[in-house]
Amino acid sequence: MVTEERSGERIVDLTVRSTALGGTAPVRLVTPTGWDARTPGRTWPVLYLLPGGDGDHASWTADSDVEELPQLRDVLVVIPSMPMFGFYTNWHNAGREDPRQVETFHLDEVIPLLERDYGAGQRRVVAGLSQGGYGALKYTAQHPGMFRAAASYSGWLHPLRRADVVLAAARVVGADGAALWGDPLRDRAVWEANDVYHLSDKLIGVPIYLSAGTGAPGEFDLPDLPREELFPELDRLADEFPGDVVDVVEAVMDESTRAVAERLRRLGGEPITNFTAGTHNPPYWEREFHRSLPMLLDALGTTR
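Add 5 to the 1-based position in the sequence shown for the working numbering, that's all there is to it.
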């Protein structure tokens, strides 16, 4: 079951009944020129844009100019939702049934639905911010050929490196982190199977864009921005980073992203990277989205 609601000149919001999630979930479309008058069989190349850990399908259109970019007038942009802290994963939950089958929802329910009924073609690229950056690279690695290119902005790409922070962050939002991939020691194989660092060999030959901020104030921050304390497992990491770091969340994303970039290069990959000062905030993600767009559009084969 799908319901549709027009939320803007180019925006259509779908509410999808999902077996994988055990309920309904929204998916936002930013439609291309001619989409409303499409005929059966007419398709467009697709950019899948993944939100961060809150899973908000409206975040990309609220916090960026994706809806206004002329380069995307011939591309169907899809922004799927996910449950809070869903981590683009079918939750392990010690092998027991779990209603957070996020990957199945996105790849086995949303994509086929859009390709059947909403003009989505099979030329696909994917990009995301924070947990969405992780999802973009993980999906690309685990499903070879599904996406022609992937981009991550401040992605948590190497969660096993800071497993205690993953578990604590889940707890802060009311989730059981151990149900995600299990215990990091006992279930290390499950963590590695869902860690982009350990999946890097699957990304060789795929155009990849990686960016993150150091956590120090950057061009969109006040120079005297104070450091915000969030939770102990994260806050105590502050001493591991340079003294000008005020956003430890972004410093962890930077550490994670650099590790993946270095591993890709050791394996013979050629990721495009951009590491600058900056915090875990939307203006940086919009900037990096713009910088990665030529790579993404080239992979889609669009000429606009």
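Even glycine gets a Cβ: it sits at the ideal position worked out from N, Cα and C.
When rounded, the separation of the alpha-carbon atoms in His163 and Asn199 is 9 angstroms. DSSP lists Leu34, Tyr53 as the bridge partner or partners of Val83. If you look at Val177, you'll find it in the alpha helix (DSSP H) that goes 168–177. In the DSSP assignment, Gln147 falls within the alpha helix (DSSP H) that extends over 136–147.
Every unbroken stretch of the alpha helix (DSSP H) spanning 4 or more residues and falling wholly within the region 176–242 is given here in chain order: 183–186, 193–198, 237–240.
When the alpha-carbon of Met300 is set against those of Gln76, Thr44, His148, the nearest one is in Gln76.
Residue range 16–23 is occupied by the beta strand (DSSP E) that includes Ser23, with no alpha helix (DSSP H) assigned at that position.
The Cβ-Cβ distance between Val7 and Leu19 falls below 7 angstroms. If you ignore the 5 residues before and after Ser64, its C-beta comes within less than 6 angstroms of the C-beta of Pro56, all in its own chain and listed in chain order. Counting C-beta pairs with one atom in each stretch, the region 271–289 and the region 248–259 have three or more that are closer than 8 angstroms, which means they touch. Val71 sits in coil when the DSSP states are folded into three classes, being neither helix nor strand.
If you draw a straight line from the Cα of Gly150 to the Cα of Glu245, it is about 38 angstroms long. Rounded to whole angstroms, the gap between the alpha carbons of Ile116 and Leu227 is 41 angstroms. Under the three-state reduction of DSSP, Tyr93 is assigned to coil, being neither helix nor strand.
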